[in-house]
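Here's the structure we're looking at; comments come further down.
There are 2 protein chains.
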Amino acid sequence: MSKKNPLLEVFKQTDYQVIGHSNRDVHVLKNVLDDYGGHQESDIYGSGKIIEDFQEKMASYLGKEAAVFYPSGTMAQQIALRMWCDKKGIQKVAYHPLAHIEIHEENVLRELHHIKSVLLANENRLITLEDVVSMEEDVACLLLELPQREIGGQLPAYKTLEEISIYCRGKGIKLHLDGARLYEILPYYQKSAAEICSLFDTVYVSLYKGIGGIAGAILAGDKTFMQESKVWKRRLGGDLISLYPYIISANYYFDKRVHKMEQYYEDSKELAVLFNECHTISTVPLEPVSNMFHVHINEEKENIVRILIEIYKETGIGLTGNLKDIHEGCYFEVSIGDNYASIPKGELKKVFKLLNQRILEIAVG
Amino acid sequence: MSKKNPLLEVFKQTDYQVIGHSNRDVHVLKNVLDDYGGHQESDIYGSGKIIEDFQEKMASYLGKEAAVFYPSGTMAQQIALRMWCDKKGIQKVAYHPLAHIEIHEENVLRELHHIKSVLLANENRLITLEDVVSMEEDVACLLLELPQREIGGQLPAYKTLEEISIYCRGKGIKLHLDGARLYEILPYYQKSAAEICSLFDTVYVSLYKGIGGIAGAILAGDKTFMQESKVWKRRLGGDLISLYPYIISANYYFDKRVHKMEQYYEDSKELAVLFNECHTISTVPLEPVSNMFHVHINEEKENIVRILIEIYKETGIGLTGNLKDIHEGCYFEVSIGDNYASIPKGELKKVFKLLNQRILEIAVG
Numbered sequence: 125m126s127k128k129n130p131l132l133e134v135f136k137q138t139d140y141q142v143i144g145h146s147n148r149d150v151h152v153l154k155n156v157l158d159d160y161g162g163h164q165e166s167d168i169y170g171s172g173k174i175i176e177d178f179q180e181k182m183a184s185y186l187g188k189e190a191a192v193f194y195p196s197g198t199m200a201q202q203i204a205l206r207m208w209c210d211k212k213g214i215q216k217v218a219y220h221p222l223a224h225i226e227i228h229e230e231n232v233l234r235e236l237h238h239i240k241s242v243l244l245a246n247e248n249r250l251i252t253l254e255d256v257v258s259m260e261e262d263v264a265c266l267l268l269e270l271p272q273r274e275i276g277g278q279l280p281a282y283k284t285l286e287e288i289s290i291y292c293r294g295k296g297i298k299l300h301l302d303g304a305r306l307y308e309i310l311p312y313y314q315k316s317a318a319e320i321c322s323l324f325d326t327v328y329v330s331l332y333k334g335i336g337g338i339a340g341a342i343l344a345g346d347k348t349f350m351q352e353s354k355v356w357k358r359r360l361g362g363d364l365i366s367l368y369p370y371i372i373s374a375n376y377y378f379d380k381r382v383h384k385m386e387q388y389y390e391d392s393k394e395l396a397v398l399f400n401e402c403h404t405i406s407t408v409p410l411e412p413v414s415n416m417f418h419v420h421i422n423e424e425k426e427n428i429v430r431i432l433i434e435i436y437k438e439t440g441i442g443l444t445g446n447l448k449d450i451h452e453g454c455y456f457e458v459s460i461g462d463n464y465a466s467i468p469k470g471e472l473k474k475v476f477k478l479l480n481q482r483i484l485e486i487a488v489g
Numbered sequence: 125m126s127k128k129n130p131l132l133e134v135f136k137q138t139d140y141q142v143i144g145h146s147n148r149d150v151h152v153l154k155n156v157l158d159d160y161g162g163h164q165e166s167d168i169y170g171s172g173k174i175i176e177d178f179q180e181k182m183a184s185y186l187g188k189e190a191a192v193f194y195p196s197g198t199m200a201q202q203i204a205l206r207m208w209c210d211k212k213g214i215q216k217v218a219y220h221p222l223a224h225i226e227i228h229e230e231n232v233l234r235e236l237h238h239i240k241s242v243l244l245a246n247e248n249r250l251i252t253l254e255d256v257v258s259m260e261e262d263v264a265c266l267l268l269e270l271p272q273r274e275i276g277g278q279l280p281a282y283k284t285l286e287e288i289s290i291y292c293r294g295k296g297i298k299l300h301l302d303g304a305r306l307y308e309i310l311p312y313y314q315k316s317a318a319e320i321c322s323l324f325d326t327v328y329v330s331l332y333k334g335i336g337g338i339a340g341a342i343l344a345g346d347k348t349f350m351q352e353s354k355v356w357k358r359r360l361g362g363d364l365i366s367l368y369p370y371i372i373s374a375n376y377y378f379d380k381r382v383h384k385m386e387q388y389y390e391d392s393k394e395l396a397v398l399f400n401e402c403h404t405i406s407t408v409p410l411e412p413v414s415n416m417f418h419v420h421i422n423e424e425k426e427n428i429v430r431i432l433i434e435i436y437k438e439t440g441i442g443l444t445g446n447l448k449d450i451h452e453g454c455y456f457e458v459s460i461g462d463n464y465a466s467i468p469k470g471e472l473k474k475v476f477k478l479l480n481q482r483i484l485e486i487a488v489g
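Going down the list, the protein sequences come from chains A and B.
Its first residue numbered 125, the first sequence is counted upward by one per residue in my numbering.
Its first residue numbered 125, the second sequence is counted upward by one per residue in my numbering.
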């Protein structure tokens, strides 16, 4: 795969990378096990101290009665939506057209659950209270993705969230949070995870995105709902005899990084300024509201790939390995983790100086 | 959980256990990583050397064009059956009433895939060619579980397998192998895995049962089928960003144990003789055909639990941690792995002498 992407190849060989935590290699697991006793018994089909303790910890963090560990968010979320549909007797859910479940999960709701999706808002903006209120179809559940990743990780005002929550409760519409990146939005809202989750009936959080575990997800909600969800977990093949490699790494990196989200957020705003100072480059959002944003470059992708490869080689600093074509130019996603803090600031400024120069050279042709 | 099962508690504290490979604790993972380079890159959503190499190795071992790694057999098998049903346009599959998918997977075929199950044979015997030929309903696929675990791991004659395979091919019925314990039956049949798999269109094997990995499954078949199965893998939430903790442990224990199946089979036959020499005890099958069998004891469960706990404490050797009630007495499953070979034979004979004595004492009142 990566052979077809020369930018990624060069990016991987840089000394410093502005995004992410560290290489996704086996060290991520080895680090966890180095200070872990080997005699700890495995979880067995969802039972045992190793899984139950972590589930309780996450339920408490999210302010929910119960939490269940799932191998993936894709599995966790479809189960929540399916269950809400079955409970309400309405096979419809609403969400944003760029929700993860709409564009990255092979139409699972339709193909596997016969659930119809009602799309709210559009590809350029967030869901508003007005979108929800004016929805013509009856739905069992509304899913909100915070932040809305595919538009640069934008967030609604907290007041809007509260209003949507109140409206949905009044109408009997269940509210589900795709909180894959929930930890990352707490600094912007200046709220605890539990405060945000209290607006929602069920919540999913990722265990590898912001905190950098190996894989895995938590679904949280009330006790009865979560207990019932285990039947679906078994059906879908997620009730593995042992999930502990994911659980112990999730726990390790959660403890290591959950308190660093404020730093990632500050770093993200700082980095966005550097991008926005470059010719034809702008970030979405202009000022990030989490550790992530998108970088749009109004220039042909092939030119930018060439420039970036040159700069990576000259400076040893990599900005991204994945540049995507869009109708006007190209873009890439930035997600800040531990790596950013280790980059010498002077070197980083040099990268942006070069980037601006080289783009200007193209522009003046 | 285990607090409610005093037999299991005492069993866990024995010095030697006749079943299994080793404790299911974190050592199983640590052992793998101790001699593993940390710089190996993670698989990413089903791509990368770490997953592709293992899939190729397993495809070759099973004699199929392609293999895909799944988090669980439950996920792998429902995908194979769903795909065969969709391809044939028939939403029916046939299998044994005690098949894993029928009794341990929460009606996944009906609840999730709207597939009807046609049950062949009965709870006391294997599926025969006659059962298949006389089946009145059109089915897309026939699933055979080899060995048939819930009746002690029985196996049909190899000739019967061949006849069923030929019949199904003639009738356009796809044949799927639940080969969770495929490695374990090769010594009895004196065939390679590839020879047995050649009778089937698709094959699932477990990566933790016989070989003692942490979790995971392989589904194998022709190239196009396996490629398409990845869409379903993503839908069901099995396309994790990283599956390597399971893959590297599967690979490690596969290499360590796949050649030991002949030994486990011989041990299993030896142990079954010891059980069958005891009063009111008989194994099913009487002579095992793999590393597993069931032990039936025509005596009340509570009495046997008491006797076993005494014997475990006296000898430091444990036979089982799980005794199940049945209409006539009780039974447990035996599955031989590495543990058996380490037990001093004289001590083991003492266990059976005690067991026979104590059961006789109950019998004579």
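Where a beta carbon is used, it is the ideal one built from N, C-alpha and C, also for glycine.
Values in this document were obtained by computation on a predicted structure and should not be read as measured data.
By the rule that beta-carbons nearer than 8 Å mark a contact, LYS216 (chain A) does not touch chain B. Here the C-alpha atom of MET416 (chain B) lies approximately 40 Å from the C-alpha atom of GLU230 (chain A). Taking the Cα positions, ARG293 (chain B) is about 21 Å away from ILE239 (chain B). If you draw a straight line from the Cα of GLU434 (chain B) to the Cα of ASP139 (chain B), it is about 14 Å long. Around the C-beta of ILE290 (chain A), fewer than 16 other C-beta atoms lie within 10 Å, and the residue is accordingly described as exposed. In the three-state DSSP reduction, CYS454 (chain A) falls in the strand class (E or B). The three-state secondary structure of LEU479 (chain B), taken from DSSP, is helix.
Residue nearest to GLY276 (chain B) within the set B:ASN422, B:PRO412, B:GLU286, B:VAL257 is B:PRO412 (criterion: CA-CA distance). Rounded to whole angstroms, the Cβ separation of TYR328 (chain A) and GLN201 (chain A) is 5 Å, and the two are in contact under 8 Å. If the five residues before and after THR198 (chain A) are omitted, its C-beta is found closer than 6 Å to the C-beta atoms of GLU229, all from its own chain and listed in chain order. Within the DSSP bridge table, the entry for ASN246 (chain B) names B:ARG249 as partners. Within the segment 191-212 of chain A, the residues whose Cβ lies closer than 8 Å to some Cβ of chain B are TYR194, PRO195, SER196, GLY197, THR198, MET199, ALA200, GLN202, listed in chain order. Taking the C-beta atoms as reference points, TYR389 (chain A) is found no nearer than 8 Å to PRO271 (chain A). The count of Cβ pairs closer than 8 Å, one atom from the segment 350-358 of chain B and one from the segment 189-197 of chain B, reaches three, so the stretches are in contact.
Contacts with chain A at 8 Å (Cβ-Cβ) do not include ASP449 (chain B). A straight-line Cα-Cα distance of about 20 Å links GLU261 (chain B) and PHE324 (chain B). Taking 8 Å as the threshold, the shortest C-beta distance from ALA339 (chain B) to chain A falls below it. Contacts between GLU230 (chain B) and chain A, judged by CB atoms closer than 7 Å, involve VAL355, ARG358, ARG359 in chain order. At least one CB of chain B lies nearer than 8 Å to the CB of LYS154 (chain A). With respect to the C-alpha of MET182 (chain B), the residue from B:ASN427, B:PHE378, B:VAL488, B:HIS418 having the closest C-alpha is B:PHE378. Here LYS295 (chain B) is exposed: its Cβ has fewer than 16 other Cβ atoms, across all protein chains shown, within 10 Å. Here TYR307 (chain B) has GLY334, VAL382, MET385 as same chain residues with Cβ atoms under 6 Å from its own Cβ, once five neighbours each way along the sequence are excluded. Per DSSP, the continuous beta strand (DSSP E) segment holding ASP302 (chain B) begins and ends at 298-303. Interface annotation, SER166 (chain B): in contact with chain A, CB-CB separation under 8 Å. Taken through DSSP and simplified to helix, strand or coil, ALA223 (chain B) comes out as coil.
Taking C-alpha positions only, ARG482 (chain B) is separated from VAL475 (chain B) by approximately 11 Å. Using a 10 angstroms sphere on the CB of LYS357 (chain A), the tally of other CB atoms reaches 16 or more, which defines it as buried. Under the criterion of beta carbons closer than 8 Å, ILE143 (chain A) and ASN463 (chain A) qualify as touching, at roughly 7 Å. For a Cβ distance threshold of 8 Å, nothing in chain B lies close to TYR376 (chain A): the least Cβ distance comes to about 13 Å.
Counting only the Cα atoms, LEU236 (chain A) lies some 36 Å from ASN446 (chain B). Under the criterion of beta carbons closer than 8 Å, THR326 (chain A) and ALA344 (chain A) qualify as touching, at roughly 7 Å. Close CB contacts of LYS448 (chain A) within its chain, under the 8 Å cut and outside five residues either way in sequence, are with LYS425, CYS454, TYR455, PHE456 (chain order). For LEU367 (chain A), no beta strand (DSSP E) run applies, since DSSP gives it neither H nor E. Nearest Cα to ILE371 (chain B) within the set B:ALA204, B:TYR160, B:LEU131: B:TYR160. The C-beta of GLU319 (chain A) has fewer than 16 other C-beta atoms within 10 Å across all chains shown, which makes the residue exposed.
Contact annotation: HIS145 (chain A) and GLY162 (chain B) have beta-carbon atoms that are not nearer than 8 Å.
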